[in-house]
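Report on the structure given below.
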Amino acid sequence: MNKKIIALISEDFEDLELWYPVHRLREEGCTVDIVGEEAGHVYHGKYGVPCESNLCFDAVDPENYDGILVPGGWAPDKLRRFPVVLDMVRAMDTAGKPVGEICHAGWVLISAGILKGKTVTSTPGIRDDMTNAGATWVNVPSVIDGNLISARRPPDLPAYMKDYIQVLNR
Numbered sequence: 035m036n037k038k039i040i041a042l043i044s045e046d047f048e049d050l051e052l053w054y055p056v057h058r059l060r061e062e063g064c065t066v067d068i069v070g071e072e073a074g075h076v077y078h079g080k081y082g083v084p085c086e087s088n089l090c091f092d093a094v095d096p097e098n099y100d101g102i103l104v105p106g107g108w109a110p111d112k113l114r115r116f117p118v119v120l121d122m123v124r125a126m127d128t129a130g131k132p133v134g135e136i137c138h139a140g141w142v143l144i145s146a147g148i149l150k151g152k153t154v155t156s157t158p159g160i161r162d163d164m165t166n167a168g169a170t171w172v173n174v175p176s177v178i179d180g181n182l183i184s185a186r187r188p189p190d191l192p193a194y195m196k197d198y199i200q201v202l203n204r
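As structure tokens, this is what we get:
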């Protein structure tokens with residue numbers, strides 16, 4: 035699969051929620067760019083696993099990518115504060131490209147304003163945030179609603195990536 039994917043990153047990302055999708059998509063033949071506030075910066079996950087970004091937010095044109103991934107952890111609370119990140123997520127959504135979010139990553143989609151009328155899942159801790167943003171929240175491992183793919187937490191990663199790859203291949 036010759037596709038290009040954006041994987042957003044910031045400090046305190048959930049280690050598995052970043053790395054599992056990145057490796058899984060690379061196994062499928064995708065190019066996955068790790069995109070953070072700074073290019074060449076080493077970010078650390080909640081459990082200390084490092085990850086170096088290869089691009090900064092401002093260097094990325096969503097038009098040149100086929101999908102985007104937002105990891106969970108505490109990184110989404112930081113990511114949603116960057117207008118360029120919210121614009122990137124909106125652009126991918128408007129273009130109908132896969133937008134993947136897991137765990138607390140729903141915060142970024144809430145701030146981007148793209149959840150109204152969507153059916154999603156997330157960690158139960160942000161259920162109220164998701165429903166207050168206009169989404170219908172369900173407690174299942176992974177949900178596809180159009181181009182939006184959502185999952186609850188690390189044990190759901192296999193279902194999440196199966197669904198993400200299915201949407202990416204449409």
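Numbering-wise (my numbering), the sequence shown opens with residue 35 and increments by one. Where a beta carbon is used, it is the ideal one built from N, C-alpha and C, also for glycine.
- As DSSP reads the structure, Ser184 sits in a beta bridge with Glu135, Val177.
- Across the structure, Gly63 and Asp95 are spaced so that their CA atoms are roughly 21 angstroms apart.
- One thing to note: Thr128 has its Cβ no nearer than 8 angstroms to the Cβ of Thr153.
- Per DSSP, Glu61 lies in no beta strand (DSSP E) segment; the continuous alpha helix (DSSP H) that holds it begins and ends at 49-61.
- Taking C-beta atoms under 8 angstroms as the contact rule, Ile43 and Ser87 qualify, at a distance of about 6 angstroms.
- In this chain, the alpha helix (DSSP H) harbouring Ile199 covers 191-202.
- Taking the Cα of Ile178 as reference, the smallest distance to any Cα among Val76, Leu202, Glu61, Gly159 is reached at Leu202.
- In its chain, beyond the 5 residues on either side, Pro96 have a beta carbon closer than 6 angstroms to the beta carbon of Met122.
- Along the length of the stretch 77-154, whole beta strand (DSSP E) runs at least 3 residues long occupy 84-86, 101-104, 133-136, reported in chain order.
- A straight line joining the alpha-carbon of Glu135 with that of Leu103 spans about 6 angstroms.
- Excluding residues up to 5 positions away in sequence, nothing lies with its Cβ nearer than 6 angstroms to the Cβ of Gly180 in the same chain.
- Val118 and Leu191 have their C-alpha atoms roughly 27 angstroms apart.
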